[in-house]
Amino acid sequence: MKVFRKGATGALLDEYEKAILEYMQLLRQIPDARFTAIADAQTDDPDCRSIQTVAQHVVASGYGYANHLRRHFGHLAAEQIQLPQFLNPEMVCTALASMLQYTENTLQAIWNLSFEAVVSNRVTLWGGQVFDVEQLLEHAIVHVLRHRRQTEWFLQSLQSI
1051 MKVFRKGATG ALLDEYEKAI LEYMQLLRQI PDARFTAIAD AQTDDPDCRS
1101 IQTVAQHVVA SGYGYANHLR RHFGHLAAEQ IQLPQFLNPE MVCTALASML
1151 QYTENTLQAI WNLSFEAVVS NRVTLWGGQV FDVEQLLEHA IVHVLRHRRQ
1201 TEWFLQSLQS I
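According to the working numbering, the sequence shown is numbered sequentially starting from 1051.
Pasting the structure below:
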């Protein structure tokens, strides 16, 4: 039986976990040759050239979102996570699971925030984007979903490998 986390923050973490698990399921189907193959040589974004670089970006961003919350609330020290270069999909899956646990640990201290506190606490991200806590977690969820879709598209374009 599925265990549901409590409250609005718990619901968002449940959905984040679901998005990450779906992404992991996709990654586990990818042969190593496709994982590292350049799928978009034309892009100016180095994070979007291959499934490997996209995955590296997704994990790093997940830690970044959690660290923004840690700095904002000051309840836990933001850690500088040194990620290895992911050589295969299983390395990514391990890192995603660790990142999700890090995020859950981040949220435990603010789990019971009132709705008013959730929407009144403004967190500034890279590039000056400002989100309340709920919007930040929603952004993190959609970030994984968007890059899962990009990975599916890359897989389709790499059929010959």
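A virtual CB, placed ideally from N, CA and C, is assigned to each residue, including glycine.
Spatial neighbours of residue i in its chain, beta-carbon cut-off 6 Å, leaving aside the 5 residues before and after
{"i": "Thr-1103", "result": "Asp-1097"}
{"i": "Arg-1055", "result": "Leu-1063, Asp-1064"}
Cβ-Cβ separation, residue j to residue i (assumed contact under 8 Å), whole Å
{"i": "Ile-1191", "j": "Tyr-1066", "result": "5 Å"}
{"i": "Glu-1188", "j": "Leu-1062", "result": "7 Å"}
{"i": "Val-1142", "j": "Val-1109", "result": "7 Å"}
{"i": "Val-1183", "j": "Asn-1171", "result": "5 Å"}
From the options, residue whose alpha carbon lies closest to that of residue i
{"i": "Tyr-1073", "options": "Trp-1176, Val-1168, Glu-1140", "result": "Glu-1140"}
{"i": "Asp-1064", "options": "Glu-1154, Ser-1170, Gln-1130, Asp-1094", "result": "Glu-1154"}
{"i": "Leu-1146", "options": "Asn-1162, Thr-1156, Leu-1133, Lys-1052", "result": "Leu-1133"}
{"i": "Asn-1138", "options": "Gln-1200, Arg-1084, Lys-1068", "result": "Arg-1084"}
{"i": "Gln-1075", "options": "Ile-1131, Leu-1208, Arg-1199", "result": "Arg-1199"}
Residue i burial status per 10 Å Cβ neighbour count (16 or more: buried)
{"i": "Val-1178", "result": "The amino acid occupying residue 1178 in the given sequence is Gly; Val does not appear at that position. Exposed, by the Cβ-count rule."}
{"i": "Asn-1117", "result": "buried"}
{"i": "Ala-1127", "result": "exposed"}
{"i": "Gln-1092", "result": "exposed"}
Near the ligand GDP: residue i beta-carbon under 8 Å from a heavy atom
{"i": "Asn-1117", "result": "As far as ligands go, the structure on display features none, and thus does not contain the ligand GDP."}
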